[in-house]
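Chemist:
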Amino acid sequence: MSLEESTPDTVDTGVTTAEEIEALLGDLVLDRDDHLNAPGFVVRPDQVQDTLFRLRDEAGFDHLSCVTAQEYEDRYESIYHLKKYDDPTDEVSVVVPTPTDNPVSESAEPVYRTAEWHEREAYDLVGIDYDDHPDLRRILLPETWQGHPLSRDYDQDRPQVVPLREHANPLQEDHEGDEDDTMFLNIGPHHPATHGVLHLKTVLDGEQVVDVESDIGYLHRCEEQICQQGTYRYQIMPYPDRWDYISAGLLNEWAYARVAEDLADIEVPEYAQVIRTMGAELCRIAAHMLAVGTFALDVYGDFTAIFMYAVRDREKVQNILEELTGQRLMFNYFRLGGVVWDLPEPREDFFEMIRDFLDDLPEALEEYHDMISANEILQVRTVDTGVLPPEVAKSYGATGPVARGSGVDYDLRRDDPYGYYDELDWNVAVEDGCDNYSRLLVRLREVEESAKIIEQCVDLLEDWPEDERTIQSNVPRTIRPDDDTEIYRAVEGAKGELGIYVRADGTEKPARFKIRSPCFSNLQTLPEMSNGEYIPDLIASLGSLDIVLGEVDR
Amino acid sequence: MSSEQERFVTDTSQVGSDTRDARIGASGTDNRFNSKLREAFGSSPFILTKFDRFMEWVRGSSMFMLQFGIACCSIEMMHTYAVKHDLDRFGAGVPRASPRQADVIIVPGTIVSKFAPRMKRVYDQMPEPKFVVGMGSCTISGGPFQEGYNVVKGAEEVIPVDIHVPGCPPRPEALIYGVAKLQERIANGESSPVTVKPYELEQFSDLDQDEVVDKLADEIDEDDLVMRYNWADSP
Ligand code: SF4
Numbered sequence: 001m002s003l004e005e006s007t008p009d010t011v012d013t014g015v016t017t018a019e020e021i022e023a024l025l026g027d028l029v030l031d032r033d034d035h036l037n038a039p040g041f042v043v044r045p046d047q048v049q050d051t052l053f054r055l056r057d058e059a060g061f062d063h064l065s066c067v068t069a070q071e072y073e074d075r076y077e078s079i080y081h082l083k084k085y086d087d088p089t090d091e092v093s094v095v096v097p098t099p100t101d102n103p104v105s106e107s108a109e110p111v112y113r114t115a116e117w118h119e120r121e122a123y124d125l126v127g128i129d130y131d132d133h134p135d136l137r138r139i140l141l142p143e144t145w146q147g148h149p150l151s152r153d154y155d156q157d158r159p160q161v162v163p164l165r166e167h168a169n170p171l172q173e174d175h176e177g178d179e180d181d182t183m184f185l186n187i188g189p190h191h192p193a194t195h196g197v198l199h200l201k202t203v204l205d206g207e208q209v210v211d212v213e214s215d216i217g218y219l220h221r222c223e224e225q226i227c228q229q230g231t232y233r234y235q236i237m238p239y240p241d242r243w244d245y246i247s248a249g250l251l252n253e254w255a256y257a258r259v260a261e262d263l264a265d266i267e268v269p270e271y272a273q274v275i276r277t278m279g280a281e282l283c284r285i286a287a288h289m290l291a292v293g294t295f296a297l298d299v300y301g302d303f304t305a306i307f308m309y310a311v312r313d314r315e316k317v318q319n320i321l322e323e324l325t326g327q328r329l330m331f332n333y334f335r336l337g338g339v340v341w342d343l344p345e346p347r348e349d350f351f352e353m354i355r356d357f358l359d360d361l362p363e364a365l366e367e368y369h370d371m372i373s374a375n376e377i378l379q380v381r382t383v384d385t386g387v388l389p390p391e392v393a394k395s396y397g398a399t400g401p402v403a404r405g406s407g408v409d410y411d412l413r414r415d416d417p418y419g420y421y422d423e424l425d426w427n428v429a430v431e432d433g434c435d436n437y438s439r440l441l442v443r444l445r446e447v448e449e450s451a452k453i454i455e456q457c458v459d460l461l462e463d464w465p466e467d468e469r470t471i472q473s474n475v476p477r478t479i480r481p482d483d484d485t486e487i488y489r490a491v492e493g494a495k496g497e498l499g500i501y502v503r504a505d506g507t508e509k510p511a512r513f514k515i516r517s518p519c520f521s522n523l524q525t526l527p528e529m530s531n532g533e534y535i536p537d538l539i540a541s542l543g544s545l546d547i548v549l550g551e552v553d554r
Numbered sequence: 001m002s003s004e005q006e007r008f009v010t011d012t013s014q015v016g017s018d019t020r021d022a023r024i025g026a027s028g029t030d031n032r033f034n035s036k037l038r039e040a041f042g043s044s045p046f047i048l049t050k051f052d053r054f055m056e057w058v059r060g061s062s063m064f065m066l067q068f069g070i071a072c073c074s075i076e077m078m079h080t081y082a083v084k085h086d087l088d089r090f091g092a093g094v095p096r097a098s099p100r101q102a103d104v105i106i107v108p109g110t111i112v113s114k115f116a117p118r119m120k121r122v123y124d125q126m127p128e129p130k131f132v133v134g135m136g137s138c139t140i141s142g143g144p145f146q147e148g149y150n151v152v153k154g155a156e157e158v159i160p161v162d163i164h165v166p167g168c169p170p171r172p173e174a175l176i177y178g179v180a181k182l183q184e185r186i187a188n189g190e191s192s193p194v195t196v197k198p199y200e201l202e203q204f205s206d207l208d209q210d211e212v213v214d215k216l217a218d219e220i221d222e223d224d225l226v227m228r229y230n231w232a233d234s235p
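Here the protein sequences line up with chains A and B, keeping their order. Using full-length UniProt numbering, read the first sequence as starting at 1 and increasing by one per residue. Using full-length UniProt numbering, read the second sequence as starting at 1 and increasing by one per residue.
1) Would a check of beta-carbon distances place Asp356 (chain A) closer than 8 Å to chain B?
2) Quickly, what does DSSP pair Gly499 (chain A) with across the bridge? List them, please.
3) Would you list the one or two residues that DSSP bridges to Glu202 (chain B)?
4) Within 8 Å of any Cβ in chain A, is that where the Cβ of His164 (chain B) sits?
5) So the candidates are B:Cys73, B:Asp206, B:Asn188 and B:Leu175; which of them puts its Cα closest to the Cα of Trp57 (chain B)?
6) Let me check understanding here. Comparing Cα to Cα, which of B:Val165, B:Met227 and B:Asp88 lies closest to Lys120 (chain B)?
7) Which residues, in order along the region 140-164 of chain B, keep a beta-carbon less than 8 Å from a beta-carbon of chain A?
8) Residues in its own chain within less than 6 Å of Cys73 (chain B) by CB, not counting five upstream and five downstream?
9) Let me confirm a value: Ser521 (chain A) is counted as buried when at least 16 other C-beta atoms fall within 10 Å, else exposed. Which label applies?
10) Does the beta carbon of Val42 (chain A) sit closer than 8 Å to a beta carbon anywhere in chain B?
11) Assuming the contact rule is C-beta atoms closer than 8 Å, Pro172 (chain B) and Thr80 (chain B) should be a hit. Round their C-beta distance to whole Å, please.
12) Taking 8 Å as the threshold (C-beta atoms), are Tyr300 (chain A) and Ala264 (chain A) in contact?
13) Can you check DSSP and say which residues form a bridge with Thr182 (chain A)?
14) Using a beta-carbon distance cut-off of less than 7 Å, what residues from the region 102-123 of chain B approach chain A?
15) With 8 Å set as the bound, which would you pick, yes or no: does the beta-carbon of Asn230 (chain B) sit closer than that to a beta-carbon of chain A?
16) Once you ignore the five residues that flank Glu367 (chain A) on each side, which residues in its own chain have a CB closer than 7 Å to its CB?
17) When every heavy atom of the ligand SF4 is checked, does at least one fall within less than 7 Å of the C-beta of Cys283 (chain A)?
18) Is Gly407 (chain A) near the ligand SF4, going by C-beta to nearest heavy atom under 7 Å?
19) Going along the region 46-77 of chain B in order, which residues come within less than 8 Å of chain A, judged by CB to CB distance?
20) Are the C-beta of Met135 (chain B) and some C-beta of chain A separated by less than 8 Å?
21) Quick one: Cα of Ala108 (chain A) to Cα of His133 (chain A), how far?
22) Closer than 8 Å by beta-carbon distance: list the chain A residues that pair up with Val213 (chain B), in chain order.
23) Since Met65 (chain B) is in the beta strand (DSSP E), which residue starts that stretch and which ends it?
24) Using the DSSP secondary-structure output, state which residues sit across from Thr98 (chain A) in a beta bridge.
25) Between the Cα of Pro144 (chain B) and those of A:Glu533, A:Leu388, A:Gly127 and A:Trp243, spot the shortest distance and give me the residue it belongs to.
26) The beta strand (DSSP E) with Phe90 (chain B) in it runs from where to where?
27) Mind checking the region 220-253 of chain A against chain B and listing, in chain order, the residues whose C-beta falls within less than 9 Å of any C-beta there?
28) Across the region 93-102 of chain B and the region 54-69 of chain B, are there enough close Cβ pairs to call them in contact, namely three or more that are closer than 8 Å?
29) Is it the case that the Cβ atoms of Ile186 (chain B) and His164 (chain B) are separated by a distance below 8 Å?
30) Taking the Cβ atom as the reference point for each residue, do Ala287 (chain A) and Ala260 (chain A) lie within a distance shorter than 8 Å?
31) Based on DSSP bridge pairs, tell me the residues matched to Asp211 (chain A).
32) Along the chain, where does the beta strand (DSSP E) containing His63 (chain A) start, and where does it finish?
33) According to the neighbour-count rule (16 or more other Cβ atoms, all chains shown, within 10 Å of its Cβ), is Phe53 (chain A) buried or exposed?
34) Quick check: is the beta carbon of Gly217 (chain A) nearer than 8 Å to any beta carbon in chain C?
35) Please classify Val383 (chain A): does DSSP put it in a helix, a strand, or coil?
36) For Asn169 (chain A), which residues of its own chain have a beta-carbon under 7 Å away from its beta-carbon, when the five flanking residues on both sides are left out?
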């Protein structure tokens, strides 16, 4: 795995070099703090907006991928990881240190809408205050929580009190005159249409949605803390399986594998890369199947045939994955530098199993198209509902099928290649309808593309010479990346850009492990899609976002 | 009455149909009730049982599950309900969306501080008698997330659990086995052990005064329901 981006002086058309950025920012830059993936510029906490505006408008960094917050011994730090939608390998980090006794920094929300939630999370978990933020309160933890759990002096044993408030008394604010007739509706956290434990506070005017606010954190399992307690080599890998748990395990594991391999400079044998690519795409099919099934469930409103068909096809994929990895859902199959074991013996049977599945797939997809995308009822419900214009999608940092359904041609498998993807022949599915229907179509088409990839991988694996089947490279037993190296790396997960930021401190455990979840950013677009629309369209939009709460809340 | 009935007297030997033949059999004797079950009970046409026993058997044979997803385990739970595994075959697979209609709640996932009060509320809304199946290691001990600052160390801290199904996640077969065990237990009338639930929903004013409570006094109303977590005492 190369570290090309760490030497950003290679001038390419459209790529902004570190020198150009430095010249552009002029005296806004206090210092350089380069990361392995991107040049980093230190700026003053009260000049964040100036810096980001300039980078966005004059250098074209239109994608705020992630905001990482952390506490050092002597300071707090927020890092804004910027990218370009046109070329995600063109990255820059803006580092904003703030003093420990007064951690106040300017909010990036006026520049990138997505910063709202990211900064709320930073405030919640680390404890940095953001000036000029529209609504700075806790997002993942209950409002009454004491302390900031990822700050240095947090005492995990102190008791906490969490209230159960049924209604946050929302009617009062909304009833301004006697004419206003709005109604408050709680959807969730226990509700069949929220795909888990999401809570939507919805204000309705008649049947139309006036305002919807997502209340998340009902599944905040402290993934970042747990990963910071684990050693790089073995202890972290099981956890990514549990972020996006809709069978997308291998895709998530790859996110960690990629970041750790780049950090510790580990090579992956080609054979292992092909296996990884195949496994990951199988996972993508399974994940999209469930997305399509539950979307139909949301739109049609009952456990109908489509859901059962989707589960039937998922079972097939899960059987293949079980053969490969030994587990149905939580695979723990990747290792740093490769995969844990070779394909199951007898190999022919395994390949045949995959081929059988691929042979049946076109017919199955035909069924889906008959029942879902060609169905008039579904079309009435989804075409032109939940509209998300591309510019809005970008400012919220939407990625994956949500962005691609809005015509944003962004897929890290192609744009920031890893694994074996750039050797294979496949296409990125993009639809520009911007509505619920387009997002559904993107998923269905992606299943076809994944099948293409798998087929090519199987062909490759079948003919792979027996003495070159190296599944793992030589990796030291303990991995201790150099002190103070920082890296942000992302892969294309089932839901979009799944990124991880790691800061190493010379020990065998990461000092900061930050997960950039695609669902977290995608869910933020929900109010844009549903305000002013009918309430059934809200449910359809939510279904088409295909969020998974394990990843939203982490 | 009787005269009316006479108007409908029919000569049974004249009316024949496939259905009737099948029911009565070629011999003409109605053996509808001479089933295997009947044989098992012996020659008497009566079944003697206690009403309680009967009710328990009924209860165990027709359980309505609550459609309740939390985390990763709920994916396997969905597979258990759906084709292939089809929990419904065992008389226990109709997921109900409302707790008011459910007998059994499967707790499929990690419970965190923000969710525990809601789960308790959902559990309270279920009508008696109600049963709980804890699915996955998260509901046993917090599982892989046990050390998390926000994770409740097992469902039993909040609601009583009848059956624990270990695994991360348990396979659908394991969940079916767990549900079957629960059915067996219900049918035998066994009650589940009384468990200690450290975390209860209580009124804020009932909490013991201490530093945290003092601090929150102006944020939380006196009669708000709260759940207090004493993490230091958790296993
Ligand atoms: S037991 Fe494992 S699979 Fe189940 S919810 Fe917990 S972490 Fe997820």
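Backbone N, C-alpha and C fix where the C-beta goes; we use that ideal spot for every residue, glycine too.
Modeler: Here's the rundown:
1) Taking the first residue of the first sequence as 1, we reach residue 356 (chain A) at position 356. At a cut-off of 8 Å, the C-beta of Asp356 (chain A) has no neighbouring C-beta in chain B.
2) Against the first sequence, residue 499 (chain A) aligns to sequence position 499. Within the DSSP bridge table, the entry for Gly499 (chain A) names A:Ala490 and A:Arg516 as partners.
3) The residue you call residue 202 (chain B) lines up with position 202 of the second sequence. Bridge partners of Glu202 (chain B): B:Val226.
4) Stepping through the second sequence from its first residue, residue 164 (chain B) is reached at position 164. Between His164 (chain B) and chain A, the shortest Cβ-Cβ separation is not below 8 Å.
5) If you number the second sequence from 1, residue 57 (chain B) lands on position 57. Selection B:Cys73, B:Asp206, B:Asn188 and B:Leu175 evaluated against Trp57 (chain B) yields B:Asn188 as nearest (Cα-Cα).
6) On the second sequence, residue 120 (chain B) is found 120 positions in, with the first residue counted as 1. The option with the nearest alpha carbon to Lys120 (chain B) is B:Met227.
7) From the region 140-164 of chain B, only Pro144, Phe145, Glu147, Gly148, Tyr149, Asn150 and Val151 have a Cβ closer than 8 Å to chain A.
8) For the purposes of this step, residue 73 (chain B) is taken as the residue at position 73 of the second sequence. Hits under 6 Å: Pro108, Gly109, Met135, Gly136 and Pro169.
9) Within the first sequence, numbered from 1, the residue matching residue 521 (chain A) stands at position 521. Burial call: buried.
10) In the first sequence, counting from the first residue as 1, residue 42 (chain A) sits at position 42. Taking CB atoms only, Val42 (chain A) has no neighbour in chain B less than 8 Å away.
11) Taking the second sequence and counting its residues from 1, one reaches residue 172 (chain B) at position 172. Taking the second sequence and counting its residues from 1, one reaches residue 80 (chain B) at position 80. About 4 Å; that satisfies the 8 Å criterion.
12) Counted from its first residue, the first sequence places residue 264 (chain A) at position 264. Counted from its first residue, the first sequence places residue 300 (chain A) at position 300. With respect to the 8 Å criterion, Ala264 (chain A) and Tyr300 (chain A) are not classified as neighbours on the basis of their beta carbons.
13) As a working note, residue 182 (chain A) is residue 182 in the first sequence. Partner(s): A:Asp205.
14) Under the 7 Å Cβ criterion, the region 102-123 of chain B contributes Thr110, Val112, Ser113, Lys114, Phe115, Pro117, Arg118, Arg121 and Val122.
15) The count along the second sequence starts at 1 and reaches residue 230 (chain B) at position 230. Asn230 (chain B) counts as touching chain A.
16) Start at 1 with the first residue of the first sequence, and residue 367 (chain A) comes out as number 367. Closer than 7 Å at Cβ, skipping near neighbours: Tyr309.
17) Locating residue 283 (chain A) in the first sequence gives position 283, counting from the first residue. Outside the cutoff, so no.
18) Here residue 407 (chain A) is taken as the residue at index 407 of the first sequence, counted from 1. For Gly407 (chain A), the shortest separation between its Cβ and any heavy atom of the ligand SF4 does not lie below 7 Å.
19) Gln67, Phe68, Gly69, Ile70, Ala71, Cys72, Ser74, Ile75 and Glu76: these are the residues of the region 46-77 of chain B whose beta carbon lies less than 8 Å from some beta carbon of chain A, given in chain order.
20) Sequence index remark: in the second sequence, residue 135 (chain B) carries index 135 (1-based). It does not: the Cβ of Met135 (chain B) has no partner Cβ on chain A nearer than 8 Å.
21) The residue you call residue 108 (chain A) lines up with position 108 of the first sequence. The residue you call residue 133 (chain A) lines up with position 133 of the first sequence. Roughly 8 Å separates the two Cα atoms.
22) By 1-based counting over the second sequence, the position of residue 213 (chain B) is 213. Here the neighbours are Val161.
23) Mapped onto the second sequence, residue 65 (chain B) falls at position 65. Start and end: Phe64 to Leu66.
24) Indexing the first sequence from 1 puts residue 98 (chain A) at position 98. Partner(s): A:Tyr76.
25) Taking the first residue of the second sequence as 1, we reach residue 144 (chain B) at position 144. Nearest C-alpha to Pro144 (chain B): A:Trp243.
26) For this step, residue 90 (chain B) is matched to residue 90 along the second sequence. Counting along the chain, Phe90 (chain B) falls outside any beta strand (DSSP E), and DSSP gives it neither H nor E.
27) So the close ones are His220, Arg221, Cys222, Glu223, Gln225, Ile226, Gln229, Pro238, Tyr239, Asp241, Arg242, Tyr245, Ile246 and Ser247.
28) In short, these stretches touch, since the Cβ pair count reaches three.
29) Indexing the second sequence from 1 puts residue 186 (chain B) at position 186. Indexing the second sequence from 1 puts residue 164 (chain B) at position 164. Not a contact, by the Cβ cut-off of 8 Å.
30) Indexing the first sequence from 1 puts residue 287 (chain A) at position 287. Indexing the first sequence from 1 puts residue 260 (chain A) at position 260. Contact flag unset, no.
31) The residue given as residue 211 (chain A) occupies position 211 in the first sequence. Here Asp211 (chain A) is bridged, per DSSP, to A:Val203.
32) Taking the first residue of the first sequence as 1, we reach residue 63 (chain A) at position 63. Boundaries of the beta strand (DSSP E) harbouring His63 (chain A): His63 to Glu71, taken from the DSSP string.
33) The residue you call residue 53 (chain A) lines up with position 53 of the first sequence. By the neighbour-count rule (16 or more Cβ atoms within 10 Å), Phe53 (chain A) is not buried but exposed.
34) In the structure shown, chain C cannot be found, because the protein chains are A and B.
35) Translated into positions along the first sequence, residue 383 (chain A) becomes position 383. Looking at Val383 (chain A) - three-state DSSP - the assignment turns out to be coil, as it is neither helix nor strand.
36) The sequence position of residue 169 (chain A) within the first sequence is 169, counting from 1. Any reading at Asn169 (chain A) must be qualified, since the residue scores a pLDDT of 49, below 50, and its modelled position is unreliable; the value itself is stated next. Excluding sequence neighbours, Asn169 (chain A) sits near nothing in its chain.
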